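*Asks:*
In this note's numbering, the protein residues as written are 1 to 296.
(1) Would residue 276 and residue 37 be called neighbours here (beta carbons separated by less than 8 Å)?
(2) Measuring only the C-alpha atoms, how far is residue 246 from residue 262?
(3) Assuming contact is defined by CB atoms lying nearer than 8 Å, are residue 89 and residue 199 in contact in what I supplied?
(4) Classify residue 76 as helix, strand or coil using the three-state DSSP reduction.
(5) Please report the residue range of the alpha helix (DSSP H) in which residue 216 lies.
(6) Here's the rule: buried if 16 or more other CB atoms are within 10 angstroms of the residue's CB, otherwise exposed. What is residue 148?
(7) What are the start and end residues of the alpha helix (DSSP H) that includes residue 246?
(8) Cα separation between residue 240 and residue 99?
(9) What does a CB cutoff of less than 8 Å around residue 17 pick up in its chain, not counting 5 residues either side in sequence?
(10) Our contact map puts residue 224 next to residue 273 with C-beta atoms below 8 Å; I'd like the distance itself, whole angstroms only.
(11) Buried or exposed: where does residue 283 fall if 16 or more other Cβ atoms within 10 Å of its Cβ makes it buried?
(12) Can you have a look at residue 258 and say buried or exposed, based on whether 16 or more other CB atoms are within 10 angstroms of its CB?
(13) Would you call the CB atoms of residue 182 and residue 265 closer than 8 Å?
(14) Secondary structure at residue 103, three-state DSSP: helix, strand or coil?
(15) Taking the alpha carbon of residue 135 as the reference point, which residue from 193, 57, 162, 127 has its own alpha carbon closest?
(16) Going by CA-CA distance only, name the one from 86, 150, 28, 255 that's closest to residue 50.
(17) Of all the options 187, 174, 271, 193, which has the alpha carbon lying nearest to the alpha carbon of residue 40?
(18) Just the Cα atoms here: how many angstroms apart are residue 279 and residue 227?
(19) Can you tell me which of 138, 113, 166, 71 puts its alpha carbon nearest to the alpha carbon of residue 52?
(20) Just to check my reading of the structure: residue 221 and residue 78 have Cβ atoms closer than 8 Å, yes? What is that Cβ distance to the nearest angstrom?
(21) Thinking residue 271 and residue 26 are a contact (beta carbons under 8 Å), I'd like their distance in whole angstroms, please.
(22) Leaving out the 5 sequence neighbours to the left and right, which residues in its chain are closer than 6 Å to residue 123 when beta-carbon positions are compared?
(23) Quick one: residues in its chain with C-beta nearer than 6 Å to the C-beta of residue 31, no 5 flanking neighbours on either side, listed in chain order?
(24) Under a Cβ-count criterion, where at least 16 other Cβ atoms within 10 Å of its own Cβ denotes burial, should residue 75 be classed as buried or exposed?
(25) Residue 33 by DSSP, collapsed to three states: which one?
(26) Do residue 152 and residue 28 come within 8 Å of each other at the CB atom, strictly closer than that value?
(27) Return the chain-ordered list of same chain residues with a C-beta closer than 6 Å to the C-beta of residue 64, the five sequence neighbours on each side being excluded.
(28) Is it right to say residue 48 is buried, meaning 16 or more other beta carbons lie within 10 angstroms of its own, or is it exposed?
(29) If you run the structure through DSSP and keep just helix, strand and coil, what is residue 144?
(30) Taking the beta carbon of residue 69 as the centre, do at least 16 other beta carbons fall within 10 Å, making it buried, or is it exposed?
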């Protein structure tokens with residue numbers, strides 16, 4: 001018989017629909033974000049997540065501003081506008097990477113600074129910060145709707161299928177992009193597909209993690225997995241394990257402590273990373289100690 005805190009958690013979970021929505025969306029994001037994060041970290045593109053998260057914020061702010069004068073727009077979920085801006089920003093970023101082929105890193109600060117500027121303008125036009133915008137910035141347990149659940153569920157299935165289909169190509173590009181191009185791999189189109197699905201995951205994550213913190217959920221589990229994994233596939237397994245643990249524990253603690261879920265999810269992911277780093281350091285020290293011990 002289940003008693004105490006676990007029973008209370010189960011009772012609350014089955015009682016409130018918004019908690020079910022938040023939990024299932026969190027599980028999906030806890031899978032997608034770290035998986036893409038592994039590719040992003042290996043390809044040294046971590047700053048792209050910040051740029052795309054800020055352009056998503058611009059889309060949300062634009063929706064809130066436009067909805068003030070267009071009543072019909074208010075009936076639409078701001079998630080869709082955020083996704084549209086994020087995908088458009090990802091395509092623009094990839095275009096800039098081709099334009100500045102010798103200085104591809106310029107694409108990220110151009111999109112990042114532009115999106116911050118536009119975001120501030122639209123936020124000001126939308127009468128500043130409000131509860132809706134705050135929820136998108138830092139996540140909210142109660143803001144996730146059943147419609148969000150279905151939308152993110154479809155995106156999860158679609159992106160998972162794409163990752164399975166293009167796994168070998170993405171793996172090749174991640175470790176040797178120049179050789180991939182020489183071998184005839186359509187790297188341009190694969191890069192476009194990759195950055196678009198990254199944009200969709202970032203936009204989907206804003207309900208739970210928040211726009212300002214989603215990059216952490218993509219990078220921190222991947223960073224922890226690098227310390228433990230002995231193969232590329234193990235990196236995925238560890239990253240997903242750490243990501244799901246961060247989401248579940250973060251959501252539970254956020255609900256009971258009445259805190260923003262995004263912050264608690266990221267704090268949990270950070271604690272996991274610190275624990276892994278300490279474990280690696282302790283293990284390395286133990287190995288060195290054994291090696292230095294003279295044989296009797």
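Glycine residues also receive a C-beta, built at the ideal position from the N, C-alpha and C atoms. None of these values were measured; they are calculated from a predicted model.
*Replies:* This is what the structure gives:
(1) no
(2) 10 Å
(3) yes
(4) coil
(5) 214-228
(6) buried
(7) From DSSP, the alpha helix (DSSP H) with residue 246 extends over 232-257.
(8) Their backbone Cα atoms lie some 35 Å apart in a straight line.
(9) 146
(10) About 4 Å separates the two Cβ atoms, so the contact holds.
(11) exposed
(12) exposed
(13) no
(14) coil
(15) 57
(16) 86
(17) Closest in alpha carbon position to residue 40, among 187, 174, 271, 193, is 174.
(18) 10 Å
(19) 113
(20) Not really, about 27 Å apart at Cβ, beyond 8 Å.
(21) Contact flag wrong, Cβ pair sits at about 17 Å.
(22) 61
(23) 240
(24) exposed
(25) helix
(26) yes
(27) 126
(28) buried
(29) Residue 144: coil per DSSP, three-state reduction.
(30) exposed
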